[in-house]
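Numbering of the sequence shown is given in our numbering, commencing with residue 134 and proceeding in unit increments.
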Amino acid sequence: MTSGPDNAPAGPCFAGRRPQLARVASAHAAVLAGGRQLACEVVGEPGIGKTRFVHEALRRCVPAVPQVVGSCAPDERGVPFHVFRHALSAGRPPRTGPGTGRLAREVWAEPEVMVPPAPARSSDARRFGIYQSARRLIGRAARDGLVLILDDLQWADASSTGLIAHLLRYPVPAPLLLVLVYRPRQMATPMPFGPPDERAGADPRVHDRIELGPLSLAETARLRPTRDPAELAARYDLTGGNPGYLLALPGGDPGTGPDRGDPIHDPSGGQLAAPAIAALRREWVDLPAVDLACLRAAAVFDVPFDADLLAPVAQVPAASAAESGWRLARRDLIRRVPGGGRFAFRHPVLRLAVAQDTDPAWRVAAYGRALTALVERGAPPADRARYAERLLDLPHGGWAERCVDVLCRAAQEICREAPDLAIRWLRVALRALRPTTAPTRRRQDVSLALARITGEAGNLAESRALLQEIVPLFPADGEGRRARAVALWARVERLLGNYAEAQAISRRELAALPPGTGVAGGYRLATELGAAGILAGNPVPPPAGGLIEDPDGPPPDALTGDPNGSGVDRAGLLAVRSLAATHDGALNLARDLLDAGSRIVDSLPDRDVRDHPDCLAALGLTELHLERQADAVRHLDRGLALVRAAHRDDGLCQLLLGRSRVAYHSGQLASAIELATEAGIVARRIGSRDLLSVALASEAEATAWRGGLRDDERAVALARSAVELTGDRASWSGRTAATALATAALLAGDPATCVELLRGAGGDARLTGLQATLRPLWYELLCAAALAAGEPADAERQARLAMAEAERLGLPGQRGFAESAYGEVLLARGEVVAALPRLEAAVDLFRAGGLVLRRSLALASLTRAAEAADRAGPAARARRQALELAVRCGTERVGLRLARPIGPRAVATLTDREWHIARLTATGATSRLIGRQLNISPRTVEAHLTRIYRKAGVASRSGLVAWVARLDDTDR
């Protein structure tokens, strides 16, 4: 027998096939018990292990019976009865008897004996006589039992297949097990010997058909128990569980070295074993020249191909390629792909074998012809780039420039859908453009494209390194090519938190812009200068040169006719300047700039806006600070949809942070935490410490206001991490982290830390270092801290500062903070009636500003004031609304605050959670019971009680019980 992927009786341990083994054993036993002939067909795909299965099945049969094996070969198809000749005449027959030698010579020992192929009656009679003689000969050999194995019958001659059919029709009257092994798809008909006998009452074992399928992954693991599981799974997926192909792969046999690459997708990356190549080569060795050329050309393609693509690669006419394709399909070397006139190799391993058996120089030229054909027919970018990439891995000669062009063009086309692929292709192109041979401009273009796409994908460090290397080499030009490259460099520095570098780069380039430079580059530089200034904590005025004129007037460039997208570039600059204006409190200017930028962005289609996520982020943040939440949601959600579709991590983080802030102010605490958490993941991925700090601060603030049992500790921990990440406490991220920690500290019962952090971030008592549009909010926080510290005079001072700042701004939400602060001061004094209109105004102003969370808290305070003033109706309405909003926001602060009485100064010093624990203690519950109810440890309860004793001025539980009893009338 031959050996190879399909004909290997020896090899690793046998695995699986138990039901099929039992069927062969049953047929073997029936042959010996009944003294009759049975036929057993074993069929399956090439390499599936048919021959190995037959030998294993017969090895397990007891008692042993003589076996003879005949196998077919492609070059013996013209020899009559060659498979029987191989089995019964290659050596001494299994049993001799009178007339055996003469009969054997008459039937198949003489090669000149032919079976007449014509259908004439006299020829039919002669053929029938020869078949009967062969039948008698086989019967004599099988007199005491015989297993006759006929292998590779797909290559059998017509006389052999005719004799097999004759034996099935006229069984040998002897114990003969006839085992027929073949590949159905390579036969003229998939069932050349007819279906198994399934007539009513017939013994199905007379003619059985066993189809072998792929092995399972577990069964495959038994063949190679020492192989790495991950690698084995990958090989299993590649071979489809075909054991012959699995063992034929490079490294498939024990003792071979590791693979040099991906052998299936890179023909130069691995080599099949020589025996596997030799066994597979038998399938194409006798092909005509045209068919062989088309087969070798087909090995170039790892995706389905058609005749029009095959013809130029094989260098044959299209008609010849089409005919050859069908001939190859009939031989099952390639197969037709459903749904069109395309073909693909029967198996990837077969394709690798054909490629390995092809002259390397011819294969390189074929890859070049394939690349040319794909480019000419406008194939998808991935197809073109794949062949260009492989051609560069081969000894490509003069193909480098063409391959680089193909890779760069494909990268530009696919960078939005698959940036990782685009980056890989550009890296390959850059390696092909060696500095010693490639023109400087060509390398600059490829490097710039790679820097842009890597930055957009979130690999800011690599993008920065490339830009630092190539941007200084760009000459000044009137087209603005250098200006756009420098703006990209400044943007990457800004995203990494290097604000001083970003400002210096932008300012220096703006000053050196030659006259007549395209406005797009100037806008981008000015935008980066302004954005870096905001993030550094020192917003800069508009750059000189008239880049911002009348915001209501027409832009200096034609928005609809500029192919460089200067319309959205100008909108980006307007958005950044409006954001800077809100920081300074110049709200009229901010609104004018915002309206102008928003009009431009809203008039542009998504394809013009998707490359400018910073513009949408700046618009959304400005609209949030101007209390236009609906517009902020519209722009931020549009930006998120665009950057997610384009897989742009560089713009995703800022948009997520902006959307998280909108959700927080709108009272959607769960959504705010989720968005901030995702922003933190993205910030870690792109390596931006400042953005990560802001993400942690946003998550901390929302967590603190959620007010769960462990939220106080978690919020403080998150905020402290945010503060530790910031390198500059005066920057936007530094101040954001400080204010978040101040909020978390106050809600956790540490007003002193809150005041220290806020005044440190603000720079002075007027908080001039903090954003002007949010100062009433921070004054309100200072007011609450002063009340918690037992300093009502300072609290009133902070409330008056909040009122003055809110009057100047004219924003309803910020005015709500001021009214709420003053109302809380009046409540602390016990002036309940005077506090009611302040708190009612705060509720209405928070509604107008879209601040749902703060409206629910104001309603809780209004409820307490109305109850203290014996206004049952308004109190009930306010309580109901407060609880409804609390459920919508997902906060426990409202319920805790509703339980607080209006009492002396000591009550105000307790946090909401501390007052809750004090009330539980007053009921007589032990620390263990309180901890079990609140899902905290008894030690944590005792720590809370220690602070409560100090603030209430009592020394024991009994004193605390009496103190709470005097104050708590919430159960009435």
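For every residue, glycine included, the Cβ atom is placed at its ideal position computed from N, Cα and C.
If we ignore side chains and look at the alpha-carbon of each, how far apart do Pro-152 and Arg-740 end up?
-> Position 19 of the sequence shown, counted from the start, is the residue given in the question as residue 152. Position 607 of the sequence shown, counted from the start, is the residue given in the question as residue 740. About 60 Å.
Helix, strand or coil: how does DSSP classify Val-312 here?
-> Position 179 of the sequence shown, counted from the start, is the residue given in the question as residue 312. Note: Val-312 maps to strand in three-state DSSP.
Ala-584, enclosing alpha helix (DSSP H) - first and last residue = By one-based count along the sequence shown, residue 584 stands at place 451. Note, Ala-584: alpha helix (DSSP H), 573-589.
With 16 other Cβ atoms within 10 Å as the buried cut-off, status of Trp-622 | Residue 622 sits at position 489 when you count from the first residue of the sequence shown. Buried, because 16 or more other Cβ atoms sit within 10 Å of the Cβ of Trp-622.
Look at Ala-454 and Ala-462 and say whether their C-beta atoms are less than 9 Å apart.
-> Along the sequence shown, read from residue 1 onward, the residue named residue 454 stands at position 321. Along the sequence shown, read from residue 1 onward, the residue named residue 462 stands at position 329. The answer is no: Cβ separation not under 9 Å.
Which whole runs of the alpha helix (DSSP H) in the stretch 250-298 are 4 residues long or more, in chain order?
-> 254-274
Please look up how many angstroms separate the CB atoms of Glu-751 and Val-795, rounded, as I've assumed it's under 8 Å.
-> Counted from its first residue, the sequence shown places residue 751 at position 618. Counted from its first residue, the sequence shown places residue 795 at position 662. Contrary to the premise, residue 751 reads as Ala rather than Glu in this sequence. Contact flag wrong, Cβ pair sits at about 14 Å.
Report the rounded CA-to-CA distance for Arg-988 versus Leu-942, giving the unit in angstroms.
-> Against the sequence shown, residue 988 aligns to sequence position 855. Against the sequence shown, residue 942 aligns to sequence position 809. Near 20 Å, if we compare the C-alpha coordinates of Leu-942 and Arg-988.
Express the C-alpha separation of Val-436 and Ala-426 in angstroms, rounding to a whole number.
-> Here residue 426 refers to the residue found at position 293 when the sequence shown is read from its first residue. Here residue 436 refers to the residue found at position 303 when the sequence shown is read from its first residue. Ala-426 and Val-436: Cα-Cα distance of roughly 18 Å.
Go ahead and pull the three-state DSSP assignment for Glu-1106.
-> The structure shown does not extend to residue 1106, since the chain spans only 134 to 1105, so no value can be given for it.
In terms of alpha-carbon separation, which member of Phe-186, Ile-282 and Ala-422 lies closest to Val-82?
-> Outside the shown range of the chain, which is 134 to 1105, sits residue 82, and nothing can be said about it.
In this structure, what does DSSP give as the bridge partners for Ile-1069?
-> Translated into the one-based positions of the sequence shown, residue 1069 becomes position 936. The partner list for Ile-1069 (beta bridge, DSSP) is empty, contrary to what the question assumes.
For the beta strand (DSSP E) holding Arg-342, just list the boundary residues, first then last.
-> As a working note, residue 342 is residue 209 in the sequence shown. Element bounds for Arg-342: 340-344.
Cα separation between His-81 and Gly-841?
-> There is simply no residue 81 to check, as the chain begins at 134 and stops at 1105 in what is shown.
Determine the contact status of Ala-1002 and Ala-1011, defining contact as a CB-CB distance below 9 Å.
-> Reading the sequence shown from its first residue, position 869 is the one you call residue 1002. Reading the sequence shown from its first residue, position 878 is the one you call residue 1011. No. Outside cutoff.
Out of Leu-350, Ala-291, Glu-352 and Asp-439, which has the shortest C-alpha to C-alpha gap to Thr-322?
-> Counted from its first residue, the sequence shown places residue 322 at position 189. With distances taken between Cα atoms, Thr-322 lies closest to Ala-291.
For the beta strand (DSSP E) holding Ala-477, just list the boundary residues, first then last.
-> In the sequence shown, residue 477 corresponds to position 344, counting from 1. Ala-477 -> beta strand (DSSP E) spans 475-478.
Looking only at DSSP bridge pairs, what is Ala-172 linked to?
-> Position 39 of the sequence shown, counting from 1, holds the residue named residue 172. Note: Ala-172 sits in a beta bridge opposite Leu-311 and His-340.
Decide yes or no for the touch test of the stretch 779-786 against the stretch 796-806: beta carbon pairs closer than 8 Å, at least 3 of them.
-> no
Tell me, to the nearest whole angstrom, how far the beta carbon of Arg-1030 is from that of Leu-990; I am working on the premise that it is less than 8 Å.
-> Here residue 1030 refers to the residue found at position 897 when the sequence shown is read from its first residue. Here residue 990 refers to the residue found at position 857 when the sequence shown is read from its first residue. With 8 Å as the limit, Arg-1030 and Leu-990 qualify as a contact, their Cβ atoms being about 7 Å apart.
Contact set for Ala-451: own chain, Cβ-Cβ below 7 Å, skip 5 residues either direction = Against the sequence shown, residue 451 aligns to sequence position 318. Contacts found: Ala-440, Asp-441 and Ala-444.
Once you ignore the five residues that flank Ala-993 on each side, which residues in its own chain have a CB closer than 7 Å to its CB?
-> Indexing the sequence shown from 1 puts residue 993 at position 860. Counting only Cβ-Cβ distances below 7 Å, and skipping sequence neighbours, we find Ala-1015, Val-1027, Arg-1030 and Leu-1031.
Roughly how many angstroms lie between the CA atoms of Leu-643 and Arg-627, to the nearest whole one?
-> Here residue 643 refers to the residue found at position 510 of the sequence shown. Here residue 627 refers to the residue found at position 494 of the sequence shown. Their Cα atoms are separated by approximately 17 Å.
Euclidean distance between Cα positions of Gly-182 and Trp-495 = As a first step, residue 182 is located in the sequence shown; it is residue number 49 there, counting from the start. As a first step, residue 495 is located in the sequence shown; it is residue number 362 there, counting from the start. If I take the Cα positions, the gap works out to 33 Å.
Apart from the five residues on each side of it in sequence, which residues of its chain come closer than 8 Å, Cβ to Cβ, to Leu-524?
-> Residue 524 sits at position 391 when you count from the first residue of the sequence shown. These residues qualify, in order along the chain: Val-497, Tyr-500, Gly-501, Leu-504, Trp-532 and Cys-536.
List the DSSP bridge partners of Val-216.
-> Indexing the sequence shown from 1 puts residue 216 at position 83. In DSSP, Val-216 forms no bridge with anything.
For the ligand FAD, any of its heavy atoms closer than 8 Å to the Cβ of Ala-881?
-> This structure does not include the ligand FAD; it has no bound ligands of any sort.
Enclosing alpha helix (DSSP H) for Ser-349 [first to last residue] = As a first step, residue 349 must be located in the sequence shown, where it is residue number 216. Here Ser-349 belongs to no alpha helix (DSSP H), and DSSP marks it neither H nor E.
Can you give me the Cβ contacts of Thr-660 inside the same chain, cut-off strictly under 6 Å, excluding the 5 residues immediately before and after it?
-> Here residue 660 corresponds to residue number 527 of the sequence shown, with the count starting at 1. These residues qualify, in order along the chain: Gly-705, Leu-706 and Val-709.
Could you pull the start and end residues of the beta strand (DSSP E) that Ile-467 belongs to?
-> Here residue 467 corresponds to residue number 334 of the sequence shown, with the count starting at 1. Per DSSP, Ile-467 belongs to the beta strand (DSSP E) from 467-470.
Given a threshold of 16 other Cβ atoms within 10 Å of its Cβ, counted over all protein chains shown, does Tyr-656 qualify as buried or as exposed?
-> Numbered from its first residue, the sequence shown carries residue 656 at position 523. That one is buried.
By the 10 Å Cβ neighbour count, where 16 or more other Cβ atoms means buried, how is Ser-256 classified, buried or exposed?
-> As a position in the sequence shown, residue 256 is number 123, starting the count at 1. Counting Cβ neighbours within 10 Å, Ser-256 comes out exposed, since fewer than 16 surround it.
The stretch 597-617 in contact with the stretch 829-846 per 3-pair CB rule at 8 Å | no
Roughly how many whole angstroms lie between the Cα atoms of Gly-1006 and Arg-980?
-> For the purposes of this step, residue 1006 is taken as residue 873 along the sequence shown, with counting starting at 1. For the purposes of this step, residue 980 is taken as residue 847 along the sequence shown, with counting starting at 1. Their backbone Cα atoms lie some 21 Å apart in a straight line.
Leaving out the 5 sequence neighbours to the left and right, which residues in its chain are closer than 6 Å to Ile-556 when beta-carbon positions are compared?
-> As a working note, residue 556 is residue 423 in the sequence shown. Closer than 6 Å at the Cβ level, and outside the excluded window around Ile-556, lie Ile-586 and Thr-587.
Where Asp-277 falls, given that 16 or more other Cβ within 10 Å makes a residue buried | In the sequence shown, residue 277 corresponds to position 144, counting from 1. Exposed: under 16 other Cβ atoms inside 10 Å.
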